[in-house]
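Here's the structure we're looking at; comments come further down.
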Amino acid sequence: MSALSPNQILITNEGNQCVEEYNLDTGEMSPFAAACNGAAGNSHTGNRINDVSMHDPVGVLYDGGQKVYVSIHVKRKILSIDTTTDQSSVLLTTSSSPRLLGHGLNSDIVYITLNNGFAAIKDGSLEYIIGTSGQSTGKTVGDISTTRMWYPLGFVEVDNGTWIVADMENNR
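Residue 1 is where the sequence shown starts when you use our numbering, and the numbers rise one by one after that.
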């Protein structure tokens, strides 16, 4: 989930294969990205409602400006939606399934959990903070550049550059 405005929330809906917008004032849901018809698809460019189809959207983030980012789990893509033009494009394709999107204390950087780690999206590519780009499960802990993660479920920056990342497989 991500707040689009004080009275509008964006919610991923895996069952209907879309991102929906919930209006807190009216209590109504409406499609924000993709048609919300339950049909899984692989069209990620064009008009955010008419042209885009998704397969398991799991994360959404509004950057506070004009971009909304959506992580597509099955197709391993991060979409970028321009709210001023209503156009969607693929920001990047990942080697591991993307999950949650969010900001740290530096809100100019978008952070993401993947099946195998935690990364920052910088200049259209991933910069791993914890974990590696290879999909490997394990319980190795120690140096963050070689630590293996499997399904990190949440993250928070507690100090400038100090992160807490919850990892399901490692129970940490």
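Heads up, the beta-carbon is just placed ideally off N, CA and C, and yes, glycines get one too.
Item: Using 10 angstroms around the beta-carbon of THR162, count the other beta-carbons present and answer buried if the total reaches 16, otherwise exposed.; Value: exposed
Item: Grouping DSSP H, G and I as helix and E and B as strand, with all else coil, what is GLU157?; Value: strand
Item: One question on the structure: do LEU92 and GLY124 come within less than 8 Å of each other, judged by their Cβ atoms?; Value: yes
Item: Hey, would you say VAL74 sits closer than 8 Å to SER2, going by beta carbons?; Value: no
Item: Looking only at DSSP bridge pairs, what is ASN47 linked to?; Value: GLN87
Item: How is the beta strand (DSSP E) around ARG99 delimited, first residue to last?; Value: 98-103
Item: What number of angstroms, rounded off, separates the C-alpha of ASP167 from the C-alpha of CYS18?; Value: 26 Å
Item: Excluding sequence positions up to five away, which residues of its chain have a Cβ less than 6 Å from the Cβ of ILE109?; Value: ALA120
Item: With SER53 as the anchor, note down where its beta strand (DSSP E) starts and where it stops.; Value: Premise fails: SER53 is in no beta strand (DSSP E) and is neither H nor E.
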